[in-house]
Each structure stands twice: as structure tokens, then as C-alpha cells.
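Numbering-wise, the sequence shown is residues 780 to 1151 according to this note's numbering. Notes for the one structure printed next.
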Amino acid sequence: MKKTDSGPILKVVVVLLIAALLIGAITVAANGGQRQTSTDRDLTEEKHTNEPTQPPEKQTDGDAVQTILPADEPPSPSYENRLTGLSCSEKTASATPLCFVTDPQAPLYGIFSADLTVEIPIEGGKTRMLLFESDPSSLGKIGALAPGRAYIDSVARFFGGIAVSFGRDDLVQYSSLAPIGTVDLSSTGYCYMESVRYAFTGGDAASSCVASLGLSGDGADKPDLPFSFEAGSLPASAGATAAPAIAIPYSDAGGSSFRYSEEEQKYVLSVDGKVKTDLLTGRKCSYENLIVLFADTISYGRSNGTETIIDTLSGGSGYYLCQGRLTEIRWSVGESGNLIFRTLSGEKLVVSRGKTYIGYYPSSSSYDVTLE
780 MKKTDSGPIL KVVVVLLIAA LLIGAITVAA NGGQRQTSTD RDLTEEKHTN EPTQPPEKQT
840 DGDAVQTILP ADEPPSPSYE NRLTGLSCSE KTASATPLCF VTDPQAPLYG IFSADLTVEI
900 PIEGGKTRML LFESDPSSLG KIGALAPGRA YIDSVARFFG GIAVSFGRDD LVQYSSLAPI
960 GTVDLSSTGY CYMESVRYAF TGGDAASSCV ASLGLSGDGA DKPDLPFSFE AGSLPASAGA
1020 TAAPAIAIPY SDAGGSSFRY SEEEQKYVLS VDGKVKTDLL TGRKCSYENL IVLFADTISY
1080 GRSNGTETII DTLSGGSGYY LCQGRLTEIR WSVGESGNLI FRTLSGEKLV VSRGKTYIGY
1140 YPSSSSYDVT LE
């Protein structure tokens, strides 16, 4: 039998097997660093997920352990309108209010926005109404303006205001406090006339005039107010006497009267029997606080007329009304020239936050002021 030589074939098979092994090894080596089983991925993710967060820093003081938490950002500062006690901008809080002398029997613009309103009787059954505006810049029209007087300047001073009027009509000289500042717009270009008899100005125009005279006074020390505000937002307690309405008969036509609105929780103003509306905004004039001050008066007759002067310095009695109730008060002016209101027990009067109306009235006719 002839013997077959299988050596060459065996060698080829061996070579092919070796080549296959080498190719497999190379493939595994190339992919080995990138392959990861699902189990491996889960373990890796779990490891990262369960890593603890950084705990708050702790300091030890003996046996006590204090945890120091990250500091909160400081709260933004809050500011109050000094005439109303309500929140306002920093600019308004530091501003010197302008006290616009107006005629309440004339068309009135800007009365609704006044922080404080003070009414003072003059001769002939008329009054002057002082509108204290801490931020008059937003008012496009203010007035009708009326002439100023020395005792009106004193009242403006009590509340840190600069009196802004149209003319002056004092007929006699008398003692009064030195004003913070007075501005007569009648001799400037910062006002205008309507219907020949009524003078008006704007908030920006009046502020510009005051600034041009160097009287702004913003940021300067202000006199103490005659009252303080109730803490928090609750209304002040005005006493046990019910007073849903009060009439102050400045004139035979009726003068100023107020009726408490339970819905608004304010006293609504009427002049000569008609609800007074701000012609600038169309809104009724209303107040959280009413204060009536009885003061001595004196009239001087001159060839050119008669002037009635309200004594704003000697003090006297009065009423405070709030929330439909009334309490009696006393008012005086201290040696420093500050006006102050006190209860019958001698404590400084506390009023509600919001707008306030103050009406002076002759003490000799105090019985004419009627309550309902």
C-alpha cells in the first residue's frame, strides 16, 4: 500500500488555527477597555448617586456643638412715609414735603394724593386747605392755589413742610414761628392761570422752583410729629364714644363734614354738603384719621379789609376720630416749636397708619361742631 504524506496539510491547519487565535485575541484586547456590563453600569451609577452631600460646617465649643448654616441674604431695607406711616420708597421717606396752600371752595386737583390735609379758617366763612405732598412729582396739576400767611407757614413747619402758595395776603404783623421755607409762585414762571381767577402748578414745576431757591431740605432733620403711629397694621383705638359723622361749620353753607364709611374704613369728606372729589383722579377724598383742634382767634380790621388770625401756638382742646369712634385730646406747642397731641391721661396720641385730616376751629364756637 502506498503511504500518503499529510505533513504539509497539517502544517496549513496549524497555521490557520494560530491565525484565528491571534485575530480573536486582538479583537478582545481592542474592545476590552470599552465594554461594560449592565450590572457594572448599575453599580457605578449607584456609587455616584449615593455619594453623601457636604454636611453643614460644625464648630465645637467645649461639649456644645454648633451647626453653622449658610447665611441668608440680608433683607432689603424698608422705608416709611413719615406723614402716613405707610411703606414708601427711600426717596419719599427722606423728602421734605411740599405744603400747597389751596382754596377748598375752588376746583381742587391733587387733594386725594395728599399725605396730610390741614384746614384753617380765615375771614368771611372761608378756609385755606394745606395739602402736604411727600412725592408731588407724579401730580400733573395741583391747585387751585391760594395766598399764604405767617400762621400758615407755622403749621407747615410743624410737619416739616415747605409752604407753596400763590401770593401773600397778611394785613397785619403778628408773632409766628420761623418757617422751614416759603415759596410764592405768583412771581415765578412755575404756575399758570385758568379762568383768570384760579392758579395751578404741577408737581415737577413746584419741585423745580423749590430746588432753584435752594430750599429742598431733603435728608435734613425733620421735627417730631405731634402724634405717633399704631404698631403694625391694626387701626388705633379712638375711644368709647361713637362718632360716625362730624360737621365743622366753617361757613353758613355747611363747611366741612365727614361721614364714616364702614366699607372703606375711612371718613369721607364733603364740602358745603357735597362729597369732595379730586378732579385730577376722580376719587373721593377720605381719611383714616380726623383731628379737630380748637384754637383762639382774633380779627383785625383795617381800611383795606379784615383779617382773622388763628392762634396756632397757645394750645387748646380737640377731638380725635378713627374707626367711627371719638376721644378728646389736648394740643400744645413746646419750647422747641414742636406741636404735640396728648390724650386726657397725658400720653402722646397714637393714630392709625394712613391719611390724616386736621381742622382748626375757633374755640369760642366749639359748640357749633356737631357729632352724630
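We treat Cβ as the ideally placed atom computed from N, Cα and C, and that holds for glycine. Fair warning: this is a prediction, and the values are worked out from it, not measured in the lab.
{"Item": "As assigned by DSSP and simplified to three states, the class of residue 928", "Value": "coil"}
{"Item": "Limits of the alpha helix (DSSP H) - the one that residue 889 falls within", "Value": "Where residue 889 is concerned, there is no enclosing alpha helix (DSSP H), given that its DSSP letter is neither H nor E."}
{"Item": "Among 884, 1118, 1078, nearest to residue 1002 - alpha-carbon criterion", "Value": "1118"}
{"Item": "Buried versus exposed, by CB contacts within 10 Å (16 or more), residue 863", "Value": "buried"}
{"Item": "Residue environment, residue 952, which counts as buried when at least 16 other CB atoms sit within 10 Å", "Value": "exposed"}
{"Item": "Helix, strand or coil at residue 878 according to DSSP, with G and I counted as helix", "Value": "strand"}
{"Item": "Buried versus exposed, by CB contacts within 10 Å (16 or more), residue 1134", "Value": "buried"}
{"Item": "Cβ shell of residue 927 (< 6 Å), same chain only, five flanking positions each side left out", "Value": "880, 942, 944, 947"}
{"Item": "Reference residue 1040, options 1095, 1031, 1113, 1100, closest by Cα", "Value": "1100"}
{"Item": "Outcome for residue 1140 when other beta-carbon atoms lying within 10 angstroms are tallied against a minimum of 16", "Value": "buried"}
{"Item": "Beta-carbon gap between residue 1033 and residue 1072 smaller than 7 Å", "Value": "no"}
{"Item": "Length-filtered (4 minimum) alpha helix (DSSP H) runs lying within the region 980-1062", "Value": "982-991"}
{"Item": "Cβ-based neighbour list, residue 983, same chain, cut-off 6 Å, excluding 5 preceding and 5 following", "Value": "916"}
{"Item": "Unbroken alpha helix (DSSP H) run spanning residue 873, endpoints", "Value": "869-873"}
{"Item": "Residue 958 - DSSP class collapsed to helix/strand/coil", "Value": "coil"}
{"Item": "Residue interval of the beta strand (DSSP E) (run including residue 902)", "Value": "Where residue 902 is concerned, there is no enclosing beta strand (DSSP E), given that its DSSP letter is neither H nor E."}
{"Item": "Exposure of residue 940, with buried meaning 16 or more beta-carbon neighbours within 10 Å", "Value": "buried"}
{"Item": "Sufficient close CB pairs (3 or more, under 8 Å) joining the region 957-972 to the region 896-910", "Value": "no"}
{"Item": "Which listed residue (857, 1142, 975, 930) has its alpha carbon closest to that of residue 950", "Value": "930"}
{"Item": "Nearest residue (CA-CA) to residue 1008, options 860, 1131, 866, 876", "Value": "1131"}
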